[in-house]
Amino acid sequence: MGLKKILPIVFLTLLGTILVLTATTALPVSYYPPALNNINNPPALGSIRIDIPVKPTEAKVVVNIGNDVMSGDLPLGIKYMTRMVKRFKEKNINWKLSGVFHNTAGYMLLKDGIYNAKRQVLTGNPYKTLIESLIRDGVSIEICALTMEANSYKNEDLIPGVKVVEAAELRIIQLVDEHYVQIIP
Numbered sequence: 007m008g009l010k011k012i013l014p015i016v017f018l019t020l021l022g023t024i025l026v027l028t029a030t031t032a033l034p035v036s037y038y039p040p041a042l043n044n045i046n047n048p049p050a051l052g053s054i055r056i057d058i059p060v061k062p063t064e065a066k067v068v069v070n071i072g073n074d075v076m077s078g079d080l081p082l083g084i085k086y087m088t089r090m091v092k093r094f095k096e097k098n099i100n101w102k103l104s105g106v107f108h109n110t111a112g113y114m115l116l117k118d119g120i121y122n123a124k125r126q127v128l129t130g131n132p133y134k135t136l137i138e139s140l141i142r143d144g145v146s147i148e149i150c151a152l153t154m155e156a157n158s159y160k161n162e163d164l165i166p167g168v169k170v171v172e173a174a175e176l177r178i179i180q181l182v183d184e185h186y187v188q189i190i191p
């Protein structure tokens, strides 16, 4: 078969595929008739229709923070915990939340002076205010003793209210045994 005969077939096949995909792609909610937009009156978040409302009455969560993965300038684990506390309060959920810091994330729990020395900066700990706020809100902020030992941190180097646990892995196992859900950012 020559190139002149194959090209029209390839073109028509490609065009047909594009038309089929376009026709079967779901349209945004705003394109559906009003009668279909409010089937059973699902809740909405602005212009987004919620298909599965989430209504927990109780939450037990451990956030396993063993690294310093960032979301912009904010550590993802701290961001998750801050967001969870806000949502728990908004939805009147009975909650318990523990943040277990270990490995490369331990420095986030240091007081300003030691933070500056360890991180070789002069700014102080930029996460201190967020950590203090989480502690005030009732979050158990915990650091692994093995991480402290490996980095030569002392108890007095920690932001007030931070609790020291024997080993991060064992603490997380303990909390999971107590029916906490583990989140790893």
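Count along the sequence shown from 1, add 6, and you get the number used in this note's numbering.
We put the beta carbon where it would ideally sit given N, CA and C, even for glycine.
Here the structure is a predicted model, which means the values were calculated and not measured.
Considering Cα atoms alone, identify which of 84, 121, 151 is closest to residue 103. Nearest of 84, 121, 151 to residue 103, Cα basis: 84.
Start-to-end residues for the alpha helix (DSSP H) that takes in residue 180: Boundaries of the alpha helix (DSSP H) around residue 180: 174-183.
Going by DSSP in three states, residue 128 sits in which element: helix, strand or coil? Coil, per DSSP.
Close Cβ partners of residue 82 (< 8 Å) along its chain, the five nearest in sequence each way excluded: The answer, listed in chain order, is 75, 76, 191.
Can you tell me where the alpha helix (DSSP H) holding residue 116 begins and where it ends? Looking at the DSSP string, residue 116 is not in any alpha helix (DSSP H), and its letter there is neither H nor E.
Do you know how far the Cα of residue 72 is from the Cα of residue 109? In a straight line, the C-alpha of residue 109 is about 5 Å away from that of residue 72.
Please return the same chain residues whose Cβ sits closer than 8 Å to the Cβ of residue 173, not counting the five positions on each side in sequence. If we look at residue 173 and ignore the five residues flanking it on each side, its Cβ neighbours are 150, 151, 152.
On the CB-based measure, 16 or more other CB atoms within 10 Å of its CB, does residue 98 come out buried or exposed? Burial call: exposed.
Own chain residues within Cβ distance below 7 Å of residue 163, not counting five before or after: Excluding positions up to five away in sequence, the list reads 116, 117, 120.
Give me the Cα-Cα distance between residue 101 and residue 146, rounded to the nearest whole angstrom. If you take the alpha carbons of residue 101 and residue 146, they lie about 12 Å apart.
Residue 160 in three-state terms, based on DSSP: Here residue 160 sits in coil by DSSP.
Classify residue 99 as helix, strand or coil using the three-state DSSP reduction. In the structure shown, residue 99 falls within a coil segment according to DSSP collapsed to helix, strand and coil.
Would you call residue 80 buried or exposed, if buried means 16 or more other Cβ atoms sit within 10 Å of its Cβ? The residue in question, residue 80, is exposed, as its Cβ has fewer than 16 Cβ neighbours within 10 Å.
Quick check on this structure: which residue in 139, 126, 132, 94 has the alpha carbon closest to the alpha carbon of residue 60? Shortest Cα-Cα distance from residue 60 to any of 139, 126, 132, 94 involves 94.
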